[in-house]
Amino acid sequence: MNLISLSKCILKDFLVSPKLLSGLLVNIENRINLAANWLCLAQDVSDDGGVSARYSLIYGWDSSYPETTGYIIPTFFQYSNLVGSEEYFKRALKMADWLLLLQRNDGGFKGGPIDSNDGSLVFDTGQILFGLIAAHNHTGQKKFLAAAIKSGKWLVGAQNENGTWRNYAFLSTEHTYYTRVAWALSSLYMYTGEVIFKKAASKNIDWALTKQNKKGWFDCTGFMEKVHKTPYTHTIAYTIRGILETGIRLGIHSYIEAAKLSADYLLNSINTNQFCGGTYDKSWNPDTKFSCLTGNCQIAIIFFRLCDVIGNDHYFKAGQALNRYVCQCQSTEGSHEFKGAIPGSFPIWQKYMRLSYPNWATKFFMDSLMMEKNICENRNSMEK
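If you're matching positions, the sequence shown starts at 12 in the numbering used here and goes up one per residue.
Right, dumping it as structure tokens:
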């Protein structure tokens, strides 16, 4: 434990509160670069090619996390294209090659960090699927496509008739945030044309929509049943984006509208409270004691995607404001062990990934800033 770093981080969050300011000037390229550098460090501290799950101010670095390494791969390929750096391409490929070593004979992947004793898990396998598809798309190497199809067929085989996953699910419980697995399957369908993946994706989304209330809030969105009534924005955003992206890929307008309903009520709550709470209840009342920074980035991405699909500028401004909030929480100085990283919560001592910098928070931060940058550049080119 580094008591000096711990004390400084706590004091910083105690003294300064970030604000939702869409007009706050930041150097987006610099912030993305800082985040990318930290994720490189998180990969380098592991000697296997994967990315460390998190840096804890109490316990230090965790072991590599296959699930999140899987969805960091597309982020690194995108960043490699953005900056024209071969390094990030090679790093993404190293992650993908490591994941191939972990795939089980049935196509599934173990859950949790690499040193955990978890068996194969549906959600983790679904997130790794994103990385396998991206690796094949960028390299053309058949081994990645074969592994992706093998994983997809395992996911289809594990699915219940009603579209849920109980077997190989976290705590053997049905979760609506597994729509993010449906999104992965819909992507695999678009990539391969195999209809079984499309059907499985639709079945899961159709079930998830039975859990949506009239205000767009979803039941069964918590990691465990006891928190279903007040889930983190992290899993709320998983759920909404899974439905949105599946709708976009399969051309199902009702899915897009369902995601929009949730996003609109959430946006109204954020605007009313001038704060994005760490959790929300079924009436979109936030827990204002803290903000889940991972969720903030994911929600910003949803707003940017809706801006792309629907074209309403208020989504862009909302996403930009959330990005600026998280930028104020990014560590831009201090110890190299967290410089450029995004904490789990603000304040950093709050309950989501307490006193830690999870790799997925920084991954979604990069994704969100790159999406904002792309929208701005497209607008500028159209105005010329």
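The beta-carbon is built from N, C-alpha and C at its ideal position, and this holds for glycine as well.
*asked:* In whole angstroms, give me the CA-to-CA distance for TYR368 and LEU93.
replied: Sequence index remark: in the sequence shown, residue 368 carries index 357 (1-based). Sequence index remark: in the sequence shown, residue 93 carries index 82 (1-based). Taking the CA atoms as reference points, TYR368 sits about 24 Å from LEU93.
*Best match in ILE84, LEU156, VAL133 and GLY288 for proximity to LEU182 [C-alpha to C-alpha]*: Reading the sequence shown from its first residue, position 171 is the one you call residue 182. Checked all of ILE84, LEU156, VAL133 and GLY288; the closest Cα to LEU182 is VAL133.
*Tell me which same chain residues have a C-beta within less than 6 Å of the C-beta of TYR326, skipping the five on either side of it?*
Start at 1 with the first residue of the sequence shown, and residue 326 comes out as number 315. The answer, listed in chain order, is PHE314, LEU317 and CYS318.
*Nearest-angstrom Cα separation, counted from VAL206 out to LEU31*: Here residue 31 refers to the residue found at position 20 when the sequence shown is read from its first residue. Here residue 206 refers to the residue found at position 195 when the sequence shown is read from its first residue. If I take the Cα positions, the gap works out to 43 Å.
*In three-state DSSP terms, what is CYS340?*
As a first step, residue 340 must be located in the sequence shown, where it is residue number 329. DSSP places CYS340 in coil when its eight states are reduced to three.
*What first and last residue would you give for the beta strand (DSSP E) that runs through SER367?*
One-based indexing of the sequence shown puts residue 367 at position 356. Its beta strand (DSSP E) spans residues 367-369.
*By how many angstroms is the C-alpha of ASN334 removed from the C-alpha of MET381?*
Indexing the sequence shown from 1 puts residue 381 at position 370. Indexing the sequence shown from 1 puts residue 334 at position 323. If you take the alpha carbons of MET381 and ASN334, they lie about 11 Å apart.
*Proximal residues to LEU304 (C-beta, below 7 Å), its chain only, five neighbours per side dropped*: Looking up residue 304 in the sequence shown gives position 293. Correct list, in chain order: VAL337, CYS340, ILE353, PRO354, GLY355, SER356, PHE357 and ALA372.
*Return the chain-ordered list of same chain residues with a C-beta closer than 7 Å to the C-beta of ALA270, the five sequence neighbours on each side being excluded.*
In the sequence shown, residue 270 corresponds to position 259, counting from 1. So the list reads ILE251, ILE254, LEU255 and GLY258, once near-sequence residues are dropped.
_Taking its Cβ as the centre, do 16 or more other Cβ atoms sit within 10 Å of GLU78, making it buried, or is it exposed?_
In the sequence shown, residue 78 corresponds to position 67, counting from 1. So GLU78 counts as buried.
*Could you work out which residue in GLN331, LYS161, LEU366 and LYS19 is closest to CYS387 when comparing CA atoms only?*
Indexing the sequence shown from 1 puts residue 387 at position 376. It is GLN331.
*Using 8 Å as the cut-off, classify the Cβ of ARG191 as near or not near the heavy atoms of the ligand PLP, replying yes or no.*
Because no ligand of any kind appears in the structure shown, any question about the ligand PLP cannot be addressed here.
*Scan the region 124-163 and note each continuous beta strand (DSSP E) run of 3 residues or more that stays entirely inside, going in chain order.*
none
_ILE139 at chain C interface by Cβ criterion, 9 Å_ = Of the chains in the structure shown, none is chain C; there is only one protein chain.
*DSSP-derived helix/strand/coil call for ALA287*: If you number the sequence shown from 1, residue 287 lands on position 276. Reading off the sequence, residue 287 comes out as Cys, not Ala. Here CYS287 sits in coil by DSSP.
_Cβ separation of TRP228 and SER273, assumed to be a contact under 8 Å, to the nearest whole Å_ = As a position in the sequence shown, residue 228 is number 217, starting the count at 1. As a position in the sequence shown, residue 273 is number 262, starting the count at 1. Right, their Cβ atoms sit about 7 Å apart.
*Starting from the N-terminal side, write out each stretch of the alpha helix (DSSP H) that is 4 residues or longer and does not extend beyond the region 38-109.*
39-55 and 77-94
*Stretch-stretch touch, CB-based, cutoff 8 Å, three pairs: the region 129-144 with the region 175-191*: yes
*Backbone secondary structure at GLN170 - three-state DSSP*: On the sequence shown, position 159 is the one that residue 170 refers to. Three-state DSSP puts GLN170 in coil, outside helix and strand.
*Taking only the alpha-carbon atoms, compute the straight-line gap between GLN170 and ARG177 and give it to the nearest angstrom.*
The residue you call residue 170 lines up with position 159 of the sequence shown. The residue you call residue 177 lines up with position 166 of the sequence shown. Going from the Cα of GLN170 to the Cα of ARG177 covers about 8 Å.
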